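Remarks on the structure that follows.
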Amino acid sequence: MPKKTNIQTILVIGSGPIVIGQAAEFDYSGSQACQALSEEGYTVILANSNPATIMTDHTMADKVYMEPLTADFLTKIIRKEQPDAILPTLGGQTGLNMAVELDRSGILDAYNVELLGSSLSAIQKAEDREVFRSLMNDLGEPVPESTIVNSVEAASNFAASIGYPIIVRPAYTLGGTGGGMCYNANELEEIVRNGLAISPVNQCLIEKNIAGFKEIEYEVVRDKQDLAIAVCNMENIDPVGIHTGDSIVAAPSQTLSDREYQLLRNASLNIIRALEIEGGCNVQLAIDPNSFAYYVIEVNPRLSRSSALASKATGYPIAKIAAKIAIGLTLDEIVNPITGTTYACFEPSLDYVVTKIPRFPFDKFVTGNRYLGTQMKATGEVMAIGRSFEESLLKGIRSLEIGTEELWLPSLVELTVDELKNRLQKADDERLFVLAEVIRRDVPIDELYRLTQIDRFYLVKLQQLIGLEESLSAQPFSPGVMKQAKEAGLSDTHIARLWDVSVDQIYTFRMEQSITPVYKMVDTCAAEFESDTPYFYSTYEDENESQPSERKKILVIGSGPIRIGQGIEFDYATVHSVMAIQEMGYEAIIMNNNPETISTDFSISDKLYFEPLTLEDVMHVIDLEQPEGVILQFGGQTAINLADGLKRRNVTILGTNLEAIDKAEDRDKFEALLNELNLLRPKGKAVPQLDDAFDAARELGYPVLVRPSYVIGGSRMDVVHDEEELDAYLAKSDGADSEHPILIDKYLTGIEIEVDAISDGETVIVPGIMEHIERSGVHSGDSIAVYPPQRISQDVKEKCLDAAIKITRRMNAVGLINLQFIIDQGDVYVLEVNPRASRTIPFLSKITGVTMAALATRCILGESLQQMGYATGILPEQDAVSVKVPVFSFEKLRSVDTTLGPEMKSTGEAIGHDETLEKALYKGLKAASMPVPKDGAVLLTVADKDKQEALASAKRFHELGFHLYATKGTAAYMQNAGIPVTEVAKIGSAERNVISIIENLEVQLVVNTLTSGKQPRSDGFMIRREAVEHGIACLTNLDTANAILNVIDSTTFKATPMTSHQEVRS
Amino acid sequence: MTERFLVLEDGTTLKGEGFGADNGTSGEMVFHTGMTGYQEIVSDPSYCGEIVMQTYPLAGNYGINRDDFETVTPFVYGFVAKEFCSSPSNFRSEETLHDYLRANNIPGLSGIDTRMLTKRIRAHGTMRAAMSGIGENAEQALERLRHSERESDLVQKTSTLKPYVVPGGGKRIVLIDFGMKHGILRELTKRDCHVTVVPYNYGWEAILRLKPDGILLSNGPGDPKDIPDSVATIRSMVGSYPVFGIGLGHQLLALATGADTERLSFGHRGPSHPVKDLTNDKVFITSQNHGYAVSRDSLAKTDLELTQVSVHDHSVEGIRHTVHPAFSVQYQPESSPGSEDMKHIYDEFLQLITDCTRNGKEDMYA
Ligand SMILES: Nc1ncnc2c1ncn2[C@@H]1O[C@H](COP(=O)(O)OP(=O)(O)O)[C@@H](O)[C@H]1O
Ligand SMILES: Nc1ncnc2c1ncn2[C@@H]1O[C@H](COP(=O)(O)OP(=O)(O)O)[C@@H](O)[C@H]1O
Ligand SMILES: [Mg+2]
Ligand SMILES: [Mg+2]
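If you read the sequences in order, they're chains A and B. Taking full-length UniProt numbering, the leading residue of the first sequence gets 1, the next gets one more, and so forth. Taking full-length UniProt numbering, the leading residue of the second sequence gets 1, the next gets one more, and so forth.
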């Protein structure tokens, strides 16, 4: 089949900012597809508002638009570029919804733009729960008994008829947003109301609960010749009822007989054919563990998180193939890029077991609701490959970086068997470890099955692993058991714990016994055909397939699973480093374990090791490859944490060395360094005992910023304003000792400045300085960053620049370095220095045109900036203004407080770019899907300390024609100042109150600065949550409020009366 | 775990753990790329004379059930997988793979680097191999290997001794058993056929007396050239009755109509081999298991037309007689295990019969 010749230019829609349920996987699919389209000679126009993506690099498409993904802006792009076709199936749910909107608006017809991939009817058939249901009935594919509702009443009636528990699933939403399981009428009412609010078409599906079935996914691909194949099937180890995104997943399915496998395969192919999709499609099914009865849960007529996972699990590049199909090629003419000899029309055969484990944000959101349900909560995931299930599971666990490398959590040891069982009843993010713990307490498999509905196959595997632990403990330093343990995937750390010796002892013993891993290739065909994909995983077997080349090699360590604080930005930097290394003529080898990302696309590097990132696993690769050195600074904290151990093993760390890292991370050394350079930093103290905290705080003077010097996963920082708050904080903290003292800093309120620099050891260049909209106290990752700075003086800029250069030189950092400052009364205070790539690298690179990671890599490998034509200093400022707006996933994370503070909470970012700050902000906020109401009502509830400041904002809202609501205190304050405000009653009161006006969507904006008062469920907290649940923007910082006011101001006109002249006369 | 050795023609010796039966064995070493379907595989008579290795590392996860057999007594000579599951989990599971193999005197081997072995076979082509019995050492296994040679009586071993009838209300099919999979019978009975299963060496007159509406040549083990008499019989069938061949039956039809067959380097054994139908340019995913194939060039001088080819190596997957109502496919349209995309081909066979009877015998002899 010849490819389409009637089209030349294709508009590809990206997925926008990263939120839970829609993450890096769409950058991976998107980039892959853009490349495929260019390969075929088409002109590619890309629209995506997420700056932290490879796909928005100018090398990925002929034209890149980093504009908000809204119908308005896409329409502008279509008018301007007049593309022949648009490809929305790579942009996740966002892409699909955009396609639907654009079609409704008629613009596609007006410019006769062809829709590639999935037709609109296909999208509607799959996404509209009602149409989908009737299609399934026509196909004879079973779906759970259900009804479609547009009102709460209808829902309750249906529930009454079939009984609880019952499932609510809103239409056209993602990651199960707004959905959930309801056990009673109240829950139903609440969930349906918010589900209807969240669904773009105010539609919910109320469905019979089939929790407990096995959940199976099929990734299927179809071409226009109607050839359809199943690329991969995946078995959720967690039963139906837990979102696939939150489930531990095995590929291929482990517990299905061929009959069951083919039954579900046929159903999936049946469906993709009926939908006439030309490309990839994800089918989720539920099968009864006790019969052949099955149900279709849902179909995603697009690339998805699962298709990315399937691509990495099989080696079959679904996105690339889907793109080629979209432009008319057929599977039997597309060559299988892996073997190079066979064709894409085959179903991969695996000769290994893949396990995917989700990464949850509860290390950051300690108060969050950790129960797993039909709404996704994971921010990222890891994948691990092994020749046995045990091996891949354990490799997965140690890839998570959650402070354990095994099926063991110290925190669970104290719990009683009953407590543990209770925790299994309602699964949470730690269920795997709870299971292991109860198995240690000899709870029988059948009971565990009853509690979890996790297939006995997996439970027995866990049991066998625990059994192996026992025989290990029984036979210290027995080579036999050691070998067995390694084959089962146990890490040296794990064995060290069981034998109660040091990890290094285990390592040496293993080397003596020469028990070392080999590397096997991922080749899509179980070795049936010759292939030379540079994609490897480790296992303990005979033949090693990874032959080191003769070339000089550099090993780059990736950043592991995506979590809050360490997102896709780090993968972006990693990928650019790899490309630079290759340009410089070295062989670039990458190690990473995140299936969503581009760095784990085997076509990016010369060699990919899909492995955990522990010292042990990294050393094995180094021992085999003998690289010139290892680059750590692009892999975020994950890689930096390896520095110590690698040094111990005499591995060359390229770029900024361990001493420098230490200088930045060790408080005293850092202090000393700053004094030496006589630079200021917020006064601070480290107190080894909790009681000392009060004296320290009093000395420094409130408010102070408190944090434990280190807590596994996420530093629990807080601003406390008085003794009482400090007391509350300490009560929550897990104590302190001289090893890990409590850190108390003077809390400075000022403008926060962020600087990223590149250094070769002599020349230091700063591509740009960023200024935050929010005052210090809001985490740099959660505040709106502006480039170039708008408020600080030239003099202050110089000071920051000067400080940045001094510090960089003094640390003799080589590569990238990130510095954060606070400006307080013209003085520059150094907040922190991160001697590594930072979150802001992609943003800065894109707006300044300097590919920072690439440049840094050249420095790391010994090139001089001077010879590249750079001189120490800051690069000339761009005229246009760019803003980086954080994006949060609060609607997915029940009972997480949305107040912004020193703890990072955002999951992604969007860019806004234009001539003026206001215009840029407008775009940025739009892109972050933050509503910018032109009129309506605002609810104000501000803490006393903020009342005066809030007055000004209130005044402006009033002048702009907004109606103001406020709670008692705030209302009184405003009224005294002569601002008309409607007082609303407190929470809980029968009449119209602060919650009800949110529920009934009577307000468009909420400004709330009531801190959680340290007790979890305060009024402020409930107001903020209500706003989130109903999709109303809730601003917890007055700076953000004022920024939005400026935007509204500059985009609307206010009515002002003429000043009367009589008075003047008389 | 008792240790067990596997030795190959090329001298490769692997030590693993024995499972299944204790006795040793020798046969053709082949690999199957299916990730499910071990029960169908170990019970498929076409594997008679072969030691089958599953490339997917885990075998036996869902146990052995009472439904998914392809024959009553299995003929496979040995079974190899990286790991076999001792506590299977599936609602239909009756016993473990180990117990099943043991009960049927089939030795098994686990705990070896099966991927390495797969690559060897890919490189050297199918090799003969021997497995040690429990207690035997590698040398003894090697001895067995030396004394073993390719067997030419595999069809005799697997075919039924006596004819038998599977009654039905529909078309009368004579199914010639060259080592038939029950899957074929399942498809026919599902279509209400009246099936008479006869031995591979059933005479032509005897067949005539059964007055069939059509004849189906089953799959089976080994080299089609091992049973020349059957080829002769088939020669007289073509033109007399609608004939449909599967697997070995397909190769026999080719030989009977003047084409030739050849040995593939390491064969096609897997659940998802792409096949292109040249008559409509469509591609299908098929389930395959064959070490021999009809040689493509040999079709030239015959009345056979090439209808389907393998997308991977372009080998012959389907042929049709241009004069008489006879056609055949190399793959397993009944699947069990593997892709079920081609099941409709059984309907095409029955349709062919209908057409022929409608057009009357005359023009069939045309
Ligand atoms: N009828 C049901 N009963 C119980 N759980 C269900 C039911 N339908 C869906 N689920 C669970 O909810 C999860 C999310 O549902 P899904 O329709 O896939 O939403 P999303 O679009 O977010 O993927 C599924 O992965 C499944 O585990
Ligand atoms: N002394 C301080 N005064 C005011 N704000 C501070 C102070 N220390 C930290 N912060 C705020 O806390 C945020 C996080 O602190 P930081 O040291 O950068 O931690 P992280 O390592 O998580 O980036 C900063 O972005 C800043 O807004
Ligand atoms: Mg889903
Ligand atoms: Mg910081």
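A virtual CB, placed ideally from N, CA and C, is assigned to each residue, including glycine. None of these values were measured; they are calculated from a predicted model.
Environment of residue 161 of chain B [buried if 16+ CB atoms lie within 10 Å]: Position 161 of the second sequence, counted from the first residue, corresponds to residue 161 of chain B. So residue 161 of chain B ends up on the exposed side.
With a threshold of 7 Å on Cβ separation, who are the neighbours of residue 626 of chain A within its own chain once the five nearest residues in sequence on each side are excluded? As a working mapping, residue 626 of chain A is identified with position 626 in the first sequence. For residue 626 of chain A, where only same-chain residues beyond five positions count, the Cβ hits under 7 Å are 548.
Would you report the Cα separation of residue 288 of chain B and residue 163 of chain B, rounded to the nearest angstrom? Here the question's residue 288 of chain B lines up with position 288 in the second sequence. Here the question's residue 163 of chain B lines up with position 163 in the second sequence. For residue 288 of chain B and residue 163 of chain B, the distance between alpha carbons rounds to 27 Å.
At a CB-CB cut-off below 8 Å, which residues of chain A make contact with residue 57 of chain B? In the second sequence, the residue the question calls residue 57 of chain B occupies position 57. Those within 8 Å of residue 57 of chain B in chain A are 351, 352, 353, 387 and 388.
Quick check on the contact list: which residues have their beta carbon closer than 5 Å to a heavy atom of ligand 2? A:682, A:705, A:745, A:747, A:748, A:776, A:777, A:779, A:780, A:832 and A:902
Taking 7 Å as the cut-off, is the C-beta of residue 15 of chain B nearer than that to any heavy atom in ligand 6? With respect to ligand 6, the structure offers nothing, as its ligand set consists of ligand 1, ligand 2, ligand 3 and ligand 4.
7 Å Cβ shell around residue 158 of chain B - same chain, five flanking residues per side excluded: Taking the first residue of the second sequence as position 1, residue 158 of chain B is located at position 158. Here the set comprises 45, 48, 75, 179, 220 and 221.
Kindly indicate which residue of A:14, A:371 and A:18 has the alpha-carbon position closest to the one of residue 69 of chain A. The residue you call residue 69 of chain A lines up with position 69 of the first sequence. Residue A:14 is the option with its Cα nearest to residue 69 of chain A.
Name the one or two DSSP bridge partners that residue 327 of chain B has. In the second sequence, counting from the first residue as 1, residue 327 of chain B sits at position 327. Its beta-bridge partners are B:244 and B:320.
In chain A, which residues lie with their C-beta within 7 Å of the C-beta of residue 35 of chain B? Position 35 of the second sequence, counted from the first residue, corresponds to residue 35 of chain B. Per Cβ cutoff of 7 Å: 252, 349 and 350.
From the DSSP output, in three-state form, read off residue 288 of chain B for me. The residue given as residue 288 of chain B occupies position 288 in the second sequence. In the structure shown, residue 288 of chain B sits in a strand (DSSP, three-state: E or B).
Measuring from the CB of residue 298 of chain A, is there a heavy atom of ligand 3 at a distance below 7 Å? For the purposes of this step, residue 298 of chain A is taken as residue 298 along the first sequence, with counting starting at 1. Yes.
Return the residue from the list A:883, A:666 and A:475 that minimises the CA-CA distance to residue 769 of chain A. As a first step, residue 769 of chain A must be located in the first sequence, where it is residue number 769. Checking every option, the nearest Cα to that of residue 769 of chain A belongs to A:883.
How far does the beta strand (DSSP E) with residue 110 of chain B in it extend, from its first residue to its last? Residue mapping note: residue 110 of chain B aligns to position 110 of the second sequence, counting from 1. 107-110 is the span of the beta strand (DSSP E), which, as asked, contains residue 110 of chain B.
Return the residue from the list A:322, A:268 and A:212 that minimises the CA-CA distance to residue 290 of chain A. For the purposes of this step, residue 290 of chain A is identified with residue 290 of the first sequence, where counting begins at 1. Nearest option by C-alpha distance: A:212.
Option nearest residue 298 of chain B by Cα separation, candidates B:282, B:290, B:286 and B:315: What you label residue 298 of chain B is simply residue 298 of the second sequence in a count that begins at 1. Among B:282, B:290, B:286 and B:315, the Cα nearest to that of residue 298 of chain B is on B:315.
So residue 343 of chain A contacts chain B; which residues on that side make the cut at Cβ distance below 9 Å? Position 343 of the first sequence holds residue 343 of chain A. Simply 274, 283, 311 and 312.
Does the distance from the CB of residue 783 of chain A to the CB of residue 752 of chain A come in under 8 Å? Here residue 783 of chain A refers to the residue found at position 783 when the first sequence is read from its first residue. Here residue 752 of chain A refers to the residue found at position 752 when the first sequence is read from its first residue. Their beta carbons are under 8 Å apart, which means residue 783 of chain A touches residue 752 of chain A by this criterion.
Less than 7 Å between C-beta atoms, sequence neighbours within five positions excluded: which residues of the same chain meet that for residue 155 of chain B? In the second sequence, the residue the question calls residue 155 of chain B occupies position 155. Answer for residue 155 of chain B: 178, 179, 200, 220, 221, 222, 226 and 227, listed in chain order.
So what does residue 606 of chain A bridge to, in DSSP terms? Within the first sequence, the letter at position 606 stands for residue 606 of chain A. Answer is none; residue 606 of chain A lacks a bridge partner.
Residues of the region 129-151 of chain B with a CB closer than 7 Å to any CB of chain A: list them in chain order, please. none
Is there a Cβ of chain A sitting closer than 8 Å to that of residue 113 of chain B, yes or no? Reading the second sequence from its first residue, position 113 is the one you call residue 113 of chain B. So, interface residue.
Using DSSP with H/G/I as helix, E/B as strand and the rest coil, what is residue 132 of chain A? As a first step, residue 132 of chain A is located in the first sequence; it is residue number 132 there, counting from the start. Residue 132 of chain A falls in the helix class under three-state DSSP.
Indicate whether the contact test is met: 3 or more Cβ pairs, each with one atom in the region 939-959 of chain A and one in the region 898-915 of chain A, closer than 8 Å. no
Got a sec: does ligand 3 put a non-hydrogen atom nearer than 7 Å to the Cβ of residue 866 of chain A? Indexing the first sequence from 1 puts residue 866 of chain A at position 866. It does not: the Cβ of residue 866 of chain A is nowhere closer than 7 Å to a heavy atom of ligand 3.
C-alpha gap between residue 97 of chain B and residue 89 of chain B, whole angstroms: The sequence position of residue 97 of chain B within the second sequence is 97, counting from 1. The sequence position of residue 89 of chain B within the second sequence is 89, counting from 1. If you take the alpha carbons of residue 97 of chain B and residue 89 of chain B, they lie about 12 Å apart.
Along chain B, in chain order, which residues have C-beta atoms closer than 7 Å to that of residue 457 of chain A? Against the first sequence, residue 457 of chain A aligns to sequence position 457. The contacting residues are 61 and 89.
Endpoints, the alpha helix (DSSP H) within which residue 948 of chain A is located: Start at 1 with the first residue of the first sequence, and residue 948 of chain A comes out as number 948. First-last of the alpha helix (DSSP H) with residue 948 of chain A: 944-959.
How far does the alpha helix (DSSP H) with residue 277 of chain B in it extend, from its first residue to its last? Taking the first residue of the second sequence as position 1, residue 277 of chain B is located at position 277. No alpha helix (DSSP H) contains residue 277 of chain B, which is instead part of the beta strand (DSSP E) from 261-277.
Within chain C, the residues that residue 359 of chain B reaches when beta carbons sit closer than 7 Å: Absent from the structure is chain C; the protein chains it does hold are A and B.
Taking residue 346 of chain A as the query, report the chain B residues whose CB atoms sit under 8 Å from its CB, ordered along the chain. Mapped onto the first sequence, residue 346 of chain A falls at position 346. The contacting residues are 272, 273, 274, 285, 311 and 312.
Going by DSSP, what residue range makes up the beta strand (DSSP E) through residue 201 of chain A? As a position in the first sequence, residue 201 of chain A is number 201, starting the count at 1. Counting along the chain, residue 201 of chain A falls outside any beta strand (DSSP E), and DSSP gives it neither H nor E.
Does any residue of chain A have a CB that is nearer than 8 Å to the CB of residue 65 of chain B? As a working mapping, residue 65 of chain B is identified with position 65 in the second sequence. Closer than 8 Å to some Cβ of chain A, the Cβ of residue 65 of chain B qualifies, so yes.
Can you round the beta-carbon distance between residue 337 of chain B and residue 108 of chain B to whole angstroms, since I take them to be within the 8 Å contact cut? As a position in the second sequence, residue 337 of chain B is number 337, starting the count at 1. As a position in the second sequence, residue 108 of chain B is number 108, starting the count at 1. Residue 337 of chain B to residue 108 of chain B, Cβ: 18 Å. No contact.
Using beta-carbon positions only, say whether residue 1115 of chain A and residue 386 of chain A come within less than 8 Å of one another. Only positions 1 to 1066 of chain A appear in this structure, which leaves residue 1115 of chain A out of reach.
Can you have a look at residue 698 of chain A and say buried or exposed, based on whether 16 or more other CB atoms are within 10 angstroms of its CB? Walking along the first sequence from the start, residue 698 of chain A turns up at place 698. It counts as exposed.
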